[in-house]
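For reference, the structure is listed below as structure tokens.
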Amino acid sequence: MAPARRVGFLWEDDFGPAEWSADAQDMWDVAIDWALDGKAGANIVFAGRDLILEPSDAVMVLHMRSQGHTVTVVDASFEPNPAGLDLLVISSELFPIDYDYPVPIVSTASG
983 MAPARRVGFL
993 WEDDFGPAEW
1003 SADAQDMWDV
1013 AIDWALDGKA
1023 GANIVFAGRD
1033 LILEPSDAVM
1043 VLHMRSQGHT
1053 VTVVDASFEP
1063 NPAGLDLLVI
1073 SSELFPIDYD
1083 YPVPIVSTAS
1093 G
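Each residue of the sequence shown is one higher than the one before, counting from 983 in the numbering used here.
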């Protein structure tokens, strides 16, 4: 059996809503759609260092919610339960971290 889909972003992630360009949004949307294999209304966990999101993380979370996904924000102490989870998004604040779960993972790293 093949592993779940994985996507990695290496970018400068010190941005807020004003810097979230149409090109960045399009790239993010394509990656999320591919990781979810086109599933709408997905159950997504966004893992950050803590529950207070950095501006760039907030932009991504709010955008995924605006696309109709349910996004739960968790901190570094979480243990995701793969049951009912469609996608795990890992903030660059936790990178590098390796979660070997049978769900798609999108991870970001600041470069």
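All C-beta atoms, glycine included, are put in the ideal place defined by N, C-alpha and C.
Every value quoted in this text rests on a predicted model; they were computed, and no experiment measured them.
By alpha-carbon distance to P1086, the top candidate from N1063, P999 and S1092 is N1063.
With contacts defined by Cβ atoms closer than 7 Å, A986 and P1084 form a contacting pair. One thing to note: L1033 has its Cβ within 7 Å of the Cβ of D1057. Approximately 7 Å separates the beta-carbon atoms of L1070 and A1029; this is inside 8 Å, confirming the contact. Look at the region 1031-1057 and you find these whole runs of beta strand (DSSP E), each 3 residues long or longer: 1052-1056.
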